[in-house]
Every structure is written in structure tokens, then in C-alpha cells.
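Step one of this worksheet: look at the structure below.
Protein chains in written order, with the numbering used here: chain U, 24 to 162; chain Z, 24 to 162.
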């Protein structure tokens, strides 16, 4: 029988300055609006899969496993562009966000963006509406 | 003599989910263009100073001190909006970025944004121009 070695990881993966946990933060930014939708974490395998499938795959720190964004909710992110910053330790994805009636829903609370709390002098105020009932997202 | 206790930190600071190092990532996004300019880190004092002065102050992990963005380069960031995400562990600042002839220069390389490397199939390619010679930024 013939055993192939697994394919070597592409050299560009080694140019990312993975932290001591093997992770970097990844920002998802919506193409068109340029809205910042969310930040999650990636390890090498998550970035490799994101690149290979053209959809965002993150590393879930809480579940300690790969997380294909939208795998439960259907709110997948199609990736158009992958950027790396000057220190090579943050990834920026330009994405199209699946969601509700043409409006992207990135947040597990059913909102467009995860950054829905605004500091209003003395307190964090919620300033973005819920577009989809979270109980209808995660059945 | 009269000794005042230092002012108590505002309660909203405690709602941020600081990590085990006491830090959270902070994204600077340009008002108007919505371009993502950079990501740096904040501790409690950095966020408090950012809020109090209306200019971005980060925590430099390499120098282990507060870093008033633009203190050397003049490329300060005026903060219009401070956002917190659903997990309360990432900050998003909406800023006006000082720079060169009306174009914001956030990156120490003299570029508009730190996210100037684009994954082009097999390699990271530099896709944004240098607007200011870095040697002229840091004299």
C-alpha cells in the first residue's frame, strides 16, 4: 500500500505570529458597509480551513474546537479577502455575512454586529436592535 | 492636611471581561471610511484614560507601559465612540486618525492601516502604499 505524507502546510501560515497558545485574534468586517461584525480567535488549522473553504472558520476557546461560523445558525461568512497586520499577529477578514432578510446577522444575540454596546458617559448602552430572535437561530 | 482617597473607578470598567493579564484587544476603526486601522491592547488604565481624554491610549505589551497613540509620531486618534462586544472582551473605538495631508496614518510603517498585507493565494502581498516615510515620523 501507498502512504502519502500529509501535505505540507503552506509557508504563509508560518508568517503569522501565533501567540503562546497558538492563536491570533481575527476580525470579521462586512464587505460594502465596512462594519466590524465580530472578533474571534484562529489557530493554524482555522486559518488554513478559512482559506481553503472561503468561509470563516474560527477556534472556539470555550469549546476547544474548530468552529465553522454559521454551522448551527446558518449565518456563515463568505470570505473575500484575508489581511494580516504589520506585527503579523492580527487577521482581518472581509466577509459577506449571511443573516436575516438581506441583513447580515453576525452576533449570537441576533444582532448585526457583536459591538452593540456603546459607552454613554457612565454606562454601556445597547444601541443596536435584535434582528432575529436568538431562540429561532439556535433550535 | 487633608487626604482624599483616589476616585473610585467607574463601574462600567468592571463590566469589561479583562483577560488573565488584565488586557483586552482594542480595534481602531476610522469614522467615515469605516476602515479598520489597527488593533492594540488595553488595560483598565488605558481604557479609563482613553475615555477621559477622548484620545486613544493603549497598553504596550512590548514596552510594558501606557502608550498614548501618536505621542511620538503626532498621529493621535480622536475617539468618537467606544463600543464593547457581546462577550465584553473586545473594545471597538471609532476614531479620527491624524496623519499626512488629510489622510490618516495609523501604522508605524507610514501606511494608512496596519492591515496592508493581503493573502494572495500563496503569499502575503503588500497592497497599501507608504504615505509617510517612517524615518520622518520617528525622528
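Glycine included, every Cβ here is placed at the ideal spot set by N, Cα and C.
Distance, residue j Cα to residue i Cα
i                     : j                     : result
residue 51 (chain Z)  : residue 29 (chain U)  : 39 Å
residue 55 (chain U)  : residue 79 (chain U)  : 17 Å
residue 84 (chain U)  : residue 63 (chain U)  : 9 Å
residue 115 (chain U) : residue 27 (chain Z)  : 46 Å
residue 46 (chain Z)  : residue 75 (chain U)  : 32 Å
residue 136 (chain Z) : residue 130 (chain Z) : 6 Å
residue 144 (chain Z) : residue 105 (chain Z) : 35 Å
residue 31 (chain U)  : residue 70 (chain U)  : 15 Å
residue 41 (chain Z)  : residue 138 (chain U) : 16 Å
residue 157 (chain Z) : residue 35 (chain U)  : 26 Å
residue 89 (chain U)  : residue 151 (chain Z) : 31 Å
residue 44 (chain U)  : residue 43 (chain Z)  : 13 Å
residue 95 (chain U)  : residue 120 (chain U) : 14 Å
residue 73 (chain U)  : residue 33 (chain U)  : 13 Å
residue 153 (chain Z) : residue 134 (chain Z) : 5 Å
residue 146 (chain Z) : residue 93 (chain U)  : 27 Å
residue 161 (chain Z) : residue 161 (chain U) : 51 Å
residue 103 (chain Z) : residue 103 (chain U) : 29 Å
residue 142 (chain Z) : residue 77 (chain U)  : 12 Å
residue 67 (chain Z)  : residue 68 (chain U)  : 32 Å
Beta carbon of residue i nearer than 9 Å to that of residue j
i                     : j                     : result
residue 122 (chain Z) : residue 98 (chain Z)  : yes
residue 148 (chain U) : residue 159 (chain U) : no
residue 166 (chain Z) : residue 127 (chain Z) : In the structure displayed, chain Z extends from 24 to 162; residue 166 (chain Z) sits before or after that span and is not available.
Closer than 9 Å at the beta carbon, the chain Z residues around residue i
i                    : result
residue 41 (chain U) : Chain Z residues near residue 41 (chain U): none, gap ~15 Å exceeds 9 Å.
Within chain U, partners of residue i - CB distance below 7 Å
i                     : result
residue 140 (chain Z) : 106 and 107
residue 137 (chain Z) : 108 and 109
8 Å contact criterion, which residue i and residue j should meet: CB distance rounded
i                     : j                     : result
residue 132 (chain U) : residue 118 (chain U) : The pair is not a contact, with the Cβ atoms about 18 Å apart (cut-off 8 Å).
residue 87 (chain U)  : residue 38 (chain U)  : 25 Å between Cβ atoms; not a contact.
residue 82 (chain U)  : residue 61 (chain U)  : Residue 82 (chain U) to residue 61 (chain U), Cβ: 14 Å. No contact.
residue 155 (chain Z) : residue 48 (chain Z)  : That belief does not hold up - the Cβ atoms of residue 155 (chain Z) and residue 48 (chain Z) are roughly 26 Å apart, past 8 Å.
residue 58 (chain Z)  : residue 57 (chain U)  : 7 Å
Contacts of residue i in chain U (Cβ-Cβ under 8 Å)
i                     : result
residue 131 (chain Z) : 109
residue 38 (chain Z)  : 147
Closer than 8 Å at the beta carbon, the chain Z residues around residue i
i                     : result
residue 146 (chain U) : 34 and 35
residue 74 (chain U)  : 142
residue 158 (chain U) : Under the 8 Å cutoff, chain Z gives no residues; its nearest Cβ is about 16 Å from residue 158 (chain U).
Listed by chain order, chain Z residues near residue i by CB distance under 7 Å
i                     : result
residue 113 (chain U) : 62
residue 48 (chain U)  : 48 and 62
Chain-ordered neighbours of residue i on chain U, where CB pairs are closer than 9 Å
i                    : result
residue 94 (chain Z) : Those within 9 Å of residue 94 (chain Z) in chain U number zero; the least Cβ separation is about 18 Å.
Inset, instruction - Pull out every residue of the stretch 51–70 of chain Z whose Cβ sits closer than 8 Å to any Cβ of chain U, in chain order. - result: 52, 56, 57, 58, 59, 61 and 62
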